[in-house]
Every structure is written in structure tokens, then in C-alpha cells.
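S.K.: Here the protein sequences line up with chains G and H, keeping their order.
The numbering used here puts the first residue of the first sequence at 7, with every later residue one more than the last.
The numbering used here puts the first residue of the second sequence at 5, with every later residue one more than the last.
After the C-alpha cells below, expect a handful of questions from me.
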Amino acid sequence: ETGVTQSPTHLIKTRGQQVTLRCSSQSGHNTVSWYQQALGQGPQFIFQYYREEENGRGNFPPRFSGLQFPNYSSELNVNALELDDSALYLCASSARGNGNYGYTFGSGTRLTVV
Amino acid sequence: DQQVKQNSPSLSVQEGRISILNCDYTNSMFDYFLWYKKYPAEGPTFLISISSIKDKNEDGRFTVFLNKSAKHLSLHIVPSQPGDSAVYFCAAIDQGGKLIFGQGTELSVKP
Numbered sequence: 007e008t009g010v011t012q013s014p015t016h017l018i019k020t021r022g023q024q025v026t027l028r029c030s031s032q033s034g035h036n037t038v039s040w041y042q043q044a045l046g047q048g049p050q051f052i053f054q055y056y057r058e059e060e061n062g063r064g065n066f067p068p069r070f071s072g073l074q075f076p077n078y079s080s081e082l083n084v085n086a087l088e089l090d091d092s093a094l095y096l097c098a099s100s101a102r103g104n105g106n107y108g109y110t111f112g113s114g115t116r117l118t119v120v
Numbered sequence: 005d006q007q008v009k010q011n012s013p014s015l016s017v018q019e020g021r022i023s024i025l026n027c028d029y030t031n032s033m034f035d036y037f038l039w040y041k042k043y044p045a046e047g048p049t050f051l052i053s054i055s056s057i058k059d060k061n062e063d064g065r066f067t068v069f070l071n072k073s074a075k076h077l078s079l080h081i082v083p084s085q086p087g088d089s090a091v092y093f094c095a096a097i098d099q100g101g102k103l104i105f106g107q108g109t110e111l112s113v114k115p
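Put into C-alpha cells, the structure is as follows:
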């Protein structure tokens with residue numbers, strides 16, 4: 007059973023640029039959630055994808071968008087990067103529908119915006 | 005609006021003693037809570053959970069207590085070991101099924 011993998015592990019972008027982060031969900035999981043963890047804070051929910059559709063969104067602007075693919079992998083896209091977007095971005099997969107709250111997290115992508 | 009709060013950013017404990025990590029929540033609709041442990045450069049890993057129909061759940065050295073009237077839960081680690089040194093996050097599941105995290109408490113267990 008493979009876990010959740012995220013790529014890249016680190017990247018540096020310039021303010022105003024766009025970035026795409028990728029996540030492969032754990033085998034058997036059909037739901038992917040994305041979280042932003044700023045320094046010294048807990049992870050904050052960005053959005054969740056189930057059956058390739060957004061299924062819940064946190065308090066993040068529209069320049070944060072995502073996709074889920076038929077194999078349940080997912081992308082997080084952020085446009086017009088701002089300095090405050092610098093954070094650890096975590097992806098978590100789960101198996102929605104079986105009453106199990108077993109979220110498995112990836113190791114995250116550390117994004118630095120300069 | 006911080007619905008899940010961990011008011012202690014850090015905790016230092018001697019090896020072999022008890023570690024108690026606290027968490028408060030504001031939303032009385034939360035009915036499932038989890039604790040996650042996070043090492044640097046790794047994602048959070050699930051530790052233990054509790055449903056609101058219980059007031060205690062135990063798994064080896066880890067016990068979680070839930071006081072619904074006080075909207076408070078705590079994680080007890082006995083005995084604490086140096087390998088337990090990490091950041092611990094308390095989280096609640098909201099009605100939409102997403103995790104609401106606290107700010108985290110950094111536990112340091114000294115030999």
C-alpha cells in the first residue's frame with residue numbers, strides 16, 4: 007500500500023507567478039484535501055475534491071484552484087502568488103463514504119514566494 | 005475565528021513522566037476529534053481519535069480524554085519518551101467532513 011506522495015518537495019517562486027503542486031493519493035482512497043500550514047500555525051483547509059469535483063472550500067480566494075483526476079490524484083494551482091502564500095502545502099487523502107475518518111497526509115510541499 | 009485552540013505552544017517534560025497536551029473547541033456540533041503528531045519535514049501522522057459518545061479512548065501509552073460540557077480534550081502520554089518529541093495537533097471533524105486543526109503544541113521530552 008503506497009502512501010500519499012507530493013511533488014515537488016520544495017520550490018521558490020517570485021511574487022506574481024503561478025505554481026502547480028501535485029499529489030498522488032493513497033491506494034484505495036477517493037478523496038483529496040489540501041491544507042496550507044503557515045509557520046507556527048496549524049494546517050488550514052483550502053478545499054477538498056471527491057469524484058473530480060470540488061466538495062467543500064475553506065476561506066481562500068479564487069486564485070487557489072484545484073483539480074482531481076480519474077486516478078484520484080490531484081493538483082493545487084495558485085495564481086498571482088503573494089508573499090503570504092509562503093507556507094507548507096499538505097495534501098491528505100481519505101476514503102469517503104465508509105465512515106472512516108482516516109486521513110493520510112503527504113510530507114508536503116514547502117513553497118517560498120520572494 | 006479559531007474553532008479549535010491549543011493555547012500552549014510548547015511543553016517540556018522529563019523522560020518517563022506524563023505529558024499532557026490540551027485542546028479546546030468552540031463548536032458544540034463537533035462530534036469527532038483526532039490527535040496528529042508531526043515531525044519536521046514530514047506530514048502529520050494520525051495518533052488517536054475519540055468520538056463524542058465517549059469520554060476516554062486509550063491506545064498503549066496514549067490516552068485521549070473528552071469533556072464535552074467544557075468543550076475540552078486532552079492527550080496524555082505515559083511514560084513519555086524522547087522519540088515522542090514532535091509537534092502535536094488537535095483536530096475536529098466538522099459537518100462537511102473536513103479537519104479543523106488547532107495551532108499545535110511542540111512537545112520536547114528530555115532524557
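Every residue gets a Cβ at the ideal spot worked out from N, C-alpha and C, and that includes glycine.
Given the structure is predicted, the values throughout are model-derived calculations rather than measurements.
Please list the partners that Pro83 (chain H) has in chain G, where partner means a Cβ-to-Cβ separation under 8 Å.
M.R.: By Cβ distance, chain G contributes nothing, its closest Cβ being about 27 Å from Pro83 (chain H), past 8 Å.
S.K.: Who are the neighbours of Gly48 (chain G) on chain H, taking C-beta pairs under 7 Å?
M.R.: Chain H residues near Gly48 (chain G): Phe93, Phe105, Gly106, Gln107, Gly108.
S.K.: With distance defined between alpha-carbon atoms, name the residue in G:Thr8, G:Val10, G:Arg21 nearest to Thr118 (chain G).
M.R.: Closest option to Thr118 (chain G), Cα to Cα, is G:Arg21.
S.K.: Is the shortest distance between the beta-carbon of Gln54 (chain G) and the beta-carbons of chain H less than 8 Å?
M.R.: Yes, Gln54 (chain G) lies at the interface with chain H (some Cβ there is under 8 Å from its Cβ).
S.K.: Quick one: list the residues of chain G neighbouring Lys58 (chain H), beta-carbon separation under 7 Å, in chain order.
M.R.: Simply none; closest approach about 14 Å.
S.K.: So, is Phe75 (chain G) buried or exposed, given that buried needs 16 or more other C-beta atoms within 10 angstroms?
M.R.: Looking at its Cβ environment, which holds fewer than 16 other Cβ atoms inside 10 Å, Phe75 (chain G) is exposed.
S.K.: In the DSSP assignment, find the unbroken beta strand (DSSP E) run with Ser113 (chain G) in it and report its ends.
M.R.: Where Ser113 (chain G) is concerned, there is no enclosing beta strand (DSSP E), given that its DSSP letter is neither H nor E.
S.K.: For the region 53–64 of chain G and the region 89–104 of chain H, state whether three or more C-beta atom pairs, one from each stretch, are separated by less than 8 Å.
M.R.: Yes: the two stretches touch, three or more of their Cβ pairs being nearer than 8 Å.
S.K.: Against Leu27 (chain G), what residues of chain H qualify as contacts under a CB-to-CB distance less than 9 Å, listed in chain order?
M.R.: Under the 9 Å cutoff, chain H gives no residues; its nearest Cβ is about 13 Å from Leu27 (chain G).
S.K.: Who are the neighbours of Phe111 (chain G) on chain H, taking C-beta pairs under 9 Å?
M.R.: Per Cβ cutoff of 9 Å: Tyr40, Lys42, Glu46, Gly47, Pro48, Thr49, Phe50.
S.K.: Determine, using beta-carbon pairs with one atom in the region 12–20 of chain G and one in the region 54–63 of chain H, whether at least three such pairs fall under 8 Å.
M.R.: The answer is no - the region 54–63 of chain H does not touch the region 12–20 of chain G, with fewer than three Cβ pairs under 8 Å.
S.K.: Does the beta-carbon of Lys42 (chain H) have 16 or more other beta-carbons within 10 angstroms, so that it is buried, or is it exposed?
M.R.: Result: buried.
S.K.: Drop a sphere of 10 angstroms on the beta-carbon of Ile81 (chain H), count the other beta-carbons inside from all chains shown, and report buried for 16 or more, exposed for fewer.
M.R.: So Ile81 (chain H) ends up on the buried side.
S.K.: Reducing DSSP to helix, strand and coil, say where Leu96 (chain G) ends up.
M.R.: Strand.
S.K.: In chain H, which residues lie with their C-beta within 8 Å of the C-beta of Leu96 (chain G)?
M.R.: Going along chain H in sequence order, the residues near Leu96 (chain G) (Cβ under 8 Å) are Gly47, Pro48.
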